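In what follows, a single structure is set out as structure tokens and then discussed.
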Amino acid sequence: MWLYILKRLGLMVPMLLGITLISFMVIHLAPGTPTDMQTTMNPKASLEAQQRLRELYGLDKPLRVQYTDWLSRLVHLDFGRSFSPDRRP
């Protein structure tokens, strides 16, 4: 009985990693970036401001690094900063 439970728990780990990888990739397959939404609506926003926002949100890093950072924050229940202009959750 205990062996069965351990096997099932052992199979859950790769499945959860797969689910998080699929979720991360679906988020990144959306057209544009969240910083585009914030800067295109503001005519005063410069390319420097858009680059600073990318650095702030970590979008300037490679996808592999973004995924490990995202997964680490997910484990710690830190869901990051809101993209909403009025800072709604």
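Using this note's numbering, read the sequence shown as starting at 7 and increasing by one per residue.
Even glycine gets a Cβ: it sits at the ideal position worked out from N, Cα and C.
Predicted, not measured: the structure shown is a model, and the values here were computed from it.
- Beta carbon of alanine 55, beta carbon of threonine 45: below 8 Å? yes
- Item | DSSP state of methionine 31 mapped onto helix, strand, coil | helix
- Query: DSSP three-state call for serine 88: helix, strand or coil?
  - Reply: coil
- Is serine 78 helix, strand or coil when you go by DSSP? In the three-state reduction of the DSSP assignment, serine 78 falls in the helix class, which pools H, G and I.
- Task: In angstroms with no decimal places, state the Cα-to-Cα distance between proline 68 and methionine 43.
- Result: 21 Å
- Item | Straight-line Cα distance separating valine 19 from leucine 12 | 11 Å
- Query: Can we say the segment 66-84 touches the segment 24-39, given the rule of at least three CB pairs closer than 8 Å?
  - Reply: yes
- Query: Just the Cα atoms here: how many angstroms apart are glutamate 61 and leucine 9?
  - Reply: Those two C-alpha atoms are separated by around 47 Å.
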